[in-house]
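In order, the protein sequences belong to chains P and V. Sequential numbering of the first sequence, starting at 35, is according to the numbering used here. Sequential numbering of the second sequence, starting at 54, is according to the numbering used here. The structure under discussion appears below in the form of structure tokens.
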Amino acid sequence: MIDVLVIGSGGAGLTAALKAKELGSKVLVVSKTYPTHSQTCQAQGGINAVLKEDQQDSVENYINDTYKASHKLGKIENIKFFCEKSKETITWLDSIGVPFSRDENANIAQRKFGGTKAKRTCYSSDYTGLKILHTLYDQSIKNSIDFLNEHILLELLVKDSKVNGAIFLNIENSKIIQIEAKSIILATGGYSGVYHQYTTNSYSSTGDGIAAAYRAGAKLSNMEFIQFHPTSLEGKNILISESARGEGGYLVDSKEQRFIDELRPRDEVARAIYKKQHQGDKIYLDLRHLGLEKIEAVMPQERKLVYDFMKLKMEKDLIPVSPSAHYTMGGILTTIDAKTTLENLYACGECAQSGIHGANRLGGNSLLEIVTFGKIAGENAAKNSKNKETVEVEKIRVQEIKKEIEEILKKECKTSFYSTKNELGKLFFNNVGLFREKKKMQKALDYLENKKEEIENLGVADKSKIHNKNLIELLEFKNIYLIAQLIVKSALKREESRGAHYRVDFENEKEAFDKISISIKKEENIEILFEEIV
Amino acid sequence: MKIKIKRYNKEKNEQTTIEEYSVNHNETILNSLIEVKTKYDNSLGFRCGCKSGVCGSCAIRVNGVEKLACKTHLEDEDLIEPIKNTEVLKDLIVSLHHEESLLKIGHTFLNSNSLETITKEDEKKIDRQSNCILCQSCYSSCPVYEVNKEFLGPYTLTRALRYVNDKKESAPLEILKNIQTNGIWDCTLCGYCTIACPQFIDPKSDIMSLRMKSVQNGFEDKSLSAFNSSFDLGFNNDFGFNPNGF
Chain P
35 MIDVLVIGSG GAGLTAALKA KELGSKVLVV SKTYPTHSQT CQAQGGINAV LKEDQQDSVE
95 NYINDTYKAS HKLGKIENIK FFCEKSKETI TWLDSIGVPF SRDENANIAQ RKFGGTKAKR
155 TCYSSDYTGL KILHTLYDQS IKNSIDFLNE HILLELLVKD SKVNGAIFLN IENSKIIQIE
215 AKSIILATGG YSGVYHQYTT NSYSSTGDGI AAAYRAGAKL SNMEFIQFHP TSLEGKNILI
275 SESARGEGGY LVDSKEQRFI DELRPRDEVA RAIYKKQHQG DKIYLDLRHL GLEKIEAVMP
335 QERKLVYDFM KLKMEKDLIP VSPSAHYTMG GILTTIDAKT TLENLYACGE CAQSGIHGAN
395 RLGGNSLLEI VTFGKIAGEN AAKNSKNKET VEVEKIRVQE IKKEIEEILK KECKTSFYST
455 KNELGKLFFN NVGLFREKKK MQKALDYLEN KKEEIENLGV ADKSKIHNKN LIELLEFKNI
515 YLIAQLIVKS ALKREESRGA HYRVDFENEK EAFDKISISI KKEENIEILF EEIV
Chain V
54 MKIKIKRYNK EKNEQTTIEE YSVNHNETIL NSLIEVKTKY DNSLGFRCGC KSGVCGSCAI
114 RVNGVEKLAC KTHLEDEDLI EPIKNTEVLK DLIVSLHHEE SLLKIGHTFL NSNSLETITK
174 EDEKKIDRQS NCILCQSCYS SCPVYEVNKE FLGPYTLTRA LRYVNDKKES APLEILKNIQ
234 TNGIWDCTLC GYCTIACPQF IDPKSDIMSL RMKSVQNGFE DKSLSAFNSS FDLGFNNDFG
294 FNPNGF
């Protein structure tokens with residue numbers, strides 16, 4: 035019997051698995067992709083920490099900056115824990131081999147990111163996420179963690195609000211399997227995939243774990259908060275890290291005039307760019323004054339990306355940029371112990387709403403979150419499994435799901451969902467994106483409701499069992515469709531502007547909304563409520 | 054613009070076929086593959102993820118050369134094939150089961166922390182090697198795999214050097230020990246891996262460094278014996294075999 039079943043193999047999942055294994059648990063990591071294909075590899079800029087308290091920085095400043103960025107929706111207790119642990123978290127990563135860049139005095143180098151005055155962001159050139167992820171993977175191999183790759187999560191097994199396992203589809207052969215476990219950790223990433231073709235994220239970020247947790251009855255929270263990164267390569271949705279601005283890059287319009295303090299929080303910078311673009315202007319990232327040597331030293335990857343994808347040179351050319359969906363603050367509601375509202379179920383990383391980011395996330399805080407709360411989830415899941423003998427799970431659901439998948443494969447494929455997926459992505463970027471208002475969001479909701487029947491009856495053209503990507507993408511799209519409803523419904527209910535959620539029709543922050551939103555399944559309906567932060 | 058794709062679906066046909074499609078999107082080969090999949094044939098199989106060259110999932114061969122689909126521009130009539138030296142599961146999707154076991158045998162991880170101070174220069178020594186994205190391009194390009202599936206190969210050996218050269222590693226000998234058999238001495242130094250790497254890593258030089266470090270640490274220099282026996286093992290002269298490197 036598996037003690038700890040970790041679903042997802044990015045930075046959060048691997049950290050959780052390593053911790054649970056260290057505590058003596060029998061661990062299995064099940065993942066939709068291969069571990070090093072995970073979204074974590076795309077994090078470039080860095081990971082925040084206060085390594086030394088002095089005149090420059092302190093843990094208290096860090097707590098204040100993070101709380102301020104959250105626009106009162108972060109949970110002070112969780113933020114405090116997160117910031118106080120930051121040094122320990124970096125020290126651990128350093129000790130297992132993450133090659134952090136060093137400064138002249140052989141200390142871990144730190145740079146400036148938006149939303150703070152201090153140099154607080156540790157990095158490994160501009161491959162921070164990649165190097166953390168690969169180091170965690172190497173450690174997983176060292177510690178003989180068992181992996182089941184290319185298995186997509188279909189459903190959590192739940193009885194009387196207790197989760198006892200999960201059902202997966204093996205992508206390699208389309209077989210449906212049930213895995214029972216004493217504790218389950220979701221580390222399945224965010225839902226920027228809703229903004230298909232308008233996101234910097236991997237094609238795999240389709241919120242599968244969040245959708246499964248919702249269907250199992252877990253509380254989700256703050257689903258309306260989506261961070262749009264100010265600088266992705268125009269038309270390509272490829273991220274140029276905040277470090278480009280942190281190192282002194284400018285944002286300029288077509289007259290080469292700067293129009294905003296580049297290190298304002300991401301939501302403000304992104305909106306300023308979007309606004310200019312809607313007035314017909316073009317926006318560029320200007321790094322020319324930094325010079326080739328500095329660019330090569332601090333952002334070699336980005337220089338390469340810009341050259342590979344745009345045939346432009348950072349030291350010579352202006353780089354056209356535009357905002358795109360980058361990070362989802364909402365997710366499965368978790369406590370400081372990484373517990374969800376369902377027994378035996380834990381969540382960590384971008385799929386969780388752990389009370390850190392609130393209405394806006396600071397750059398450099400997501401990598402720290404996946405490791406901090408990955409560890410906590412692993413530790414608590416391991417403890418939770420300790421005193422349990424075994425769990426009894428019925429096999430009814432797995433049979434039903436087998437039939438459901440067979441039905442999908444049998445269905446005649448009348449319409450392809452790919453165009454609907456593109457349509458939905460575009461509609462959400464324009465109507466439930468950087469600037470929101472009731473009328474536009476209602477239109478998005480009506481669109482989703484009109485599509486209900488079509489989506490329920492979707493079939494696939496590919497009927498094969500081996501690596502049926504067509505089927506997988508349909509299953510992912512169904513998750514996108516569910517999450518899109520949660521986003522727009524939560525966004526409609528929050529009649530104010532706060533952080534990344536900006537309402538043209540309610541431009542001010544309202545005290546009445548100093549609350550987190552909750553999305554929960556009530557019978558077959560979506561219920562959106564607001565809860566006090568306690 | 055035309056794209057030719059090598060197709061294989063064992064549920065339909067045991068044979069591979071080359072199919073040709075007309076595409077409008079050629080900014081990247083990945084865009085073209087997505088167009089073929091969504092417009093002409095929903096069953097086309099390929100892996101992809103980050104679309105920005107870091108997840109390593111979309112390695113393919115373009116006219117015989119390993120590339121990342123997301124970073125490569127399509128030219129008219131390009132032939133797209135799956136990467137080599139591993140089982141093709143469907144179309145451009147290949148088995149990746151070997152990866153974990155190769156890394157495990159190579160002990161390519163930090164064994165125990167030396168707690169030494171790491172300087173800027175120390176960190177630079179392992180910077181390039183730790184940029185590896187495990188895309189399998191080098192694995193595909195390597196002629197030694199064709200005759201020896203046990204070979205640890207370029208990315209495992211580059212990763213070995215990444216930890217051997219890491220000042221944090223207090224037991225580099227542990228790693229060197231694990232790469233003597235089916236490892237550094239089996240490489241023909243043909244350099245195909247270096248050409249194939251989308252991250253500009255140079256596994257050939259890394260393997261040469263590992264050989265030097267091995268000899269310095271008292272391991273036997275097997276390069277000459279490998280040369281003598283290689284022809285008996287059925288090596289083909291077409292590999293451009295050169296034991297001294299070039």
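Heads up, the beta-carbon is just placed ideally off N, CA and C, and yes, glycines get one too.
Cβ-based neighbour list, asparagine 218(V), same chain, cut-off 7 Å, excluding 5 preceding and 5 following: Lys178 and Ile179
Contact with chain P by glycine 106(V), beta-carbon distance below 8 Å: yes
Bridge-paired residues (DSSP) for glutamine 144(P): Its beta-bridge partners are Cys156(P).
Three-way DSSP call (helix, strand, coil) for glutamate 558(P) in this model: coil
Helix, strand or coil at tyrosine 61(V) according to DSSP, with G and I counted as helix: strand
For serine 190(V), three-class secondary structure by DSSP: helix
Within chain P, the residues that leucine 263(V) reaches when beta carbons sit closer than 8 Å: Those do not exist, as leucine 263(V) stays about 17 Å from chain P at its closest Cβ, beyond 8 Å.
Within chain V, the residues that serine 400(P) reaches when beta carbons sit closer than 8 Å: Simply none; closest approach about 15 Å.
Given glutamate 134(V) as reference, the closest of Asn84(V), Glu72(V) and Thr170(V) once Cα atoms are compared: Looking at the Cα atoms, Glu72(V) is the closest of the given residues.
Glutamate 153(V) Cβ short of 7 Å to the ligand GTP heavy atom set: The ligand GTP is not among the ligands present in this structure, which contains no ligands whatsoever.
Assigned exposure category for arginine 114(V) - 16 Cβ within 10 Å defines buried: buried
Helix, strand or coil at proline 354(P) [DSSP, three-state]: strand
Classification of threonine 49(P) by the beta-carbon crowding that lies within 10 angstroms, buried from 16 upward: Buried, because 16 or more other Cβ atoms sit within 10 Å of the Cβ of threonine 49(P).
Contacts around glycine 102(V), its chain only, beta-carbon distance under 6 Å, and the 5 residues preceding and following it disregarded: Cys108 and Ser110
C-beta atoms of aspartate 91(P) and alanine 152(P) nearer than 8 Å: Result yes, Cβ atoms of aspartate 91(P) and alanine 152(P) sit closer than 8 Å.
Touching by the beta-carbon criterion (3+ pairs, under 8 Å), the region 189 to 200 of chain V and the region 132 to 149 of chain V: yes
Within chain V, partners of lysine 209(P) - CB distance below 7 Å: Here the premise fails: no neighbours, minimum Cβ distance about 14 Å.
Whole-number beta carbon distance between valine 197(V) and threonine 241(V), since they are thought to touch under 8 Å: Between threonine 241(V) and valine 197(V), the beta carbon gap of about 6 Å places them in contact (Cβ cut-off 8 Å).
Range of the contiguous beta strand (DSSP E) that encloses serine 266(P): Taken as a continuous stretch (DSSP letters only), the beta strand (DSSP E) holding serine 266(P) covers 260 to 267.
Presumed contact (8 Å Cβ cut-off) between threonine 211(V) and aspartate 259(V), rounded CB distance: 5 Å
Buried versus exposed, by CB contacts within 10 Å (16 or more), lysine 544(P): exposed
Within chain A, the residues that leucine 149(V) reaches when beta carbons sit closer than 8 Å: The structure shown has no chain A; the protein chains it does contain are P and V.
Where glycine 159(V) falls: helix, strand or coil (DSSP): Reduced to three states, the DSSP call for glycine 159(V) is helix.
Identified DSSP bridge partners for aspartate 496(P): Note: aspartate 496(P) sits in no beta bridge, so no partner.
Min CB distance glycine 131(P) to chain V below 8 Å: yes
Members of the region 51 to 80 of chain P near chain V, C-beta cut-off 7 Å: Thr67, Tyr68, Thr70, His71, Cys75 and Gln76
Closer than 9 Å at the beta carbon, the chain P residues around serine 85(V): Residues of chain P passing the Cβ test: none, with the nearest at roughly 15 Å.
For isoleucine 186(P) and leucine 563(P), the rounded distance between their alpha carbons: 30 Å
Residue-chain proximity (serine 13(P), chain V), Cβ-Cβ < 8 Å: No answer is possible for residue 13(P): it lies beyond the span of chain P, which begins at 35 and ends at 568.
Partners in chain P for lysine 266(V), counting only beta-carbon separations shorter than 7 Å: Near lysine 266(V) there are no residues of chain P at all, since even the closest Cβ is about 18 Å away, more than 7 Å.
Inter-residue CB distance, glycine 283(P) and aspartate 320(P) (contact presumed, cutoff 8 Å): That belief holds up - the Cβ atoms of glycine 283(P) and aspartate 320(P) are roughly 7 Å apart, short of 8 Å.
Serine 183(V) (DSSP reduced to helix, strand or coil): In the displayed model, serine 183(V) falls within a helix according to three-state DSSP.
Alpha-carbon spacing of lysine 209(P) relative to leucine 443(P), whole angstroms: 13 Å
Classification of phenylalanine 253(V) by the beta-carbon crowding that lies within 10 angstroms, buried from 16 upward: exposed
Beta-carbon gap between arginine 154(P) and valine 84(P) smaller than 8 Å: yes
Other residues of its chain near phenylalanine 547(P): CB distance less than 8 Å, five sequence neighbours each side excluded: Taken in chain order, the residues that qualify are Arg528, Glu529, Glu530, Arg532 and Phe564.
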